[in-house]
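What the sequence shown shows, in mature numbering (1 follows the signal peptide of the UniProt record, and there is no 0), is residues -20 to -1, 1 to 112, in sequence order.
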Amino acid sequence: MKHLFLSLMFALGGVSLAHTAVTAVSPAQGATVAAPQAVRLTFSEPIELRFSTLRVMALPAGQTAQVAAQKALSQSAESAALASRAHKTTGLAAQVSVPLKPGLKPGLYVVAWKLLSEDGHPVTGLSTFRVK
């Protein structure tokens, strides 16, 4: 009984220590699609939009997705270098739709995020998709 109690304590305690995760990205990682109008990210819990950055950028030839993601995150939301447009930046949300500029050219794109979860922990990541 004592072991069962300790096991439950550790199992339930792990849930409270978990940080926000991106549970879905559309277009999906590695997908080849017609030019989408938006990129959607879904999170395991709401994120604080005011302290979160989501950007989409064409992947320059010869550059890794990681380098392009860092570059995209450093751009202002209105930057001409980005494929994404400015979007809602206040409140909490468990899903965010990032509008894209019309007429995306064929090529590889990187979706980069730097989030602040509701529990105050930063979460970064990236995903890529190809426009045909």
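Note that the Cβ used here is the ideal one computed from N, Cα and C, for glycine as well.
Note that this is a predicted model, so its numbers are computed, not measured.
Where residue i and residue j are concerned, what is the direct C-alpha to C-alpha distance, given to the nearest angstrom?
{"i": "L(-17)", "j": "S59", "result": "For L(-17), the predicted model reports a pLDDT of 43, less than 50, meaning its position is unreliable and no value from the coordinates is stated."}
{"i": "A92", "j": "I27", "result": "15 Å"}
{"i": "V(-6)", "j": "A52", "result": "For V(-6), the predicted structure reports a pLDDT of 46, less than 50, and the residue's modelled location is therefore unreliable. A value from the coordinates is still provided. So the two alpha carbons sit approximately 32 Å from each other."}
{"i": "G71", "j": "E98", "result": "11 Å"}
{"i": "F(-11)", "j": "A1", "result": "Low confidence applies here, because F(-11) scores a pLDDT of 43, under 50, leaving its location unreliable and the question unanswered by this model."}
{"i": "T104", "j": "F23", "result": "12 Å"}
{"i": "A38", "j": "V90", "result": "6 Å"}
{"i": "H101", "j": "R110", "result": "30 Å"}
{"i": "T3", "j": "L21", "result": "8 Å"}
{"i": "G10", "j": "A45", "result": "12 Å"}
{"i": "K112", "j": "A73", "result": "30 Å"}
{"i": "A8", "j": "A41", "result": "21 Å"}
{"i": "Q75", "j": "A57", "result": "18 Å"}
{"i": "S77", "j": "V47", "result": "23 Å"}
{"i": "H67", "j": "T108", "result": "20 Å"}
Hey, residue i and residue j: beta-carbon distance below 7 Å or not?
{"i": "S6", "j": "L95", "result": "no"}
{"i": "L106", "j": "A49", "result": "yes"}
{"i": "Q55", "j": "A61", "result": "yes"}
{"i": "R35", "j": "T69", "result": "no"}
{"i": "R65", "j": "K85", "result": "no"}
So for residue i, helix, strand or coil by DSSP?
{"i": "S54", "result": "helix"}
{"i": "S(-5)", "result": "Because S(-5) sits at a pLDDT of 47, beneath the cut-off of 50, its placement in the model cannot be relied upon, and the following sentence gives the value as read from the coordinates. Note: S(-5) maps to helix in three-state DSSP."}
{"i": "R65", "result": "coil"}
{"i": "Q75", "result": "strand"}
{"i": "F(-16)", "result": "Only weak support exists for where F(-16) lies, its pLDDT of 42 falling under 50; the coordinates are left without a value."}
{"i": "A11", "result": "coil"}
{"i": "L39", "result": "coil"}
{"i": "L84", "result": "coil"}
{"i": "A18", "result": "strand"}
Taking 7 Å as the CB-CB limit, is residue i close to chain C?
{"i": "P7", "result": "In summary, chain C is missing from the structure at hand, where a single protein chain is found."}
Would you grab the beta carbon distance between residue i and residue j for me? Rounded to a whole angstrom, and I think it's under 8 Å.
{"i": "P83", "j": "A15", "result": "Note on residue identity: the sequence assigns Gly, not Pro, to residue 83. Between A15 and G83 the Cβ distance is about 7 Å, and since that is below 8 Å, they are a contact."}
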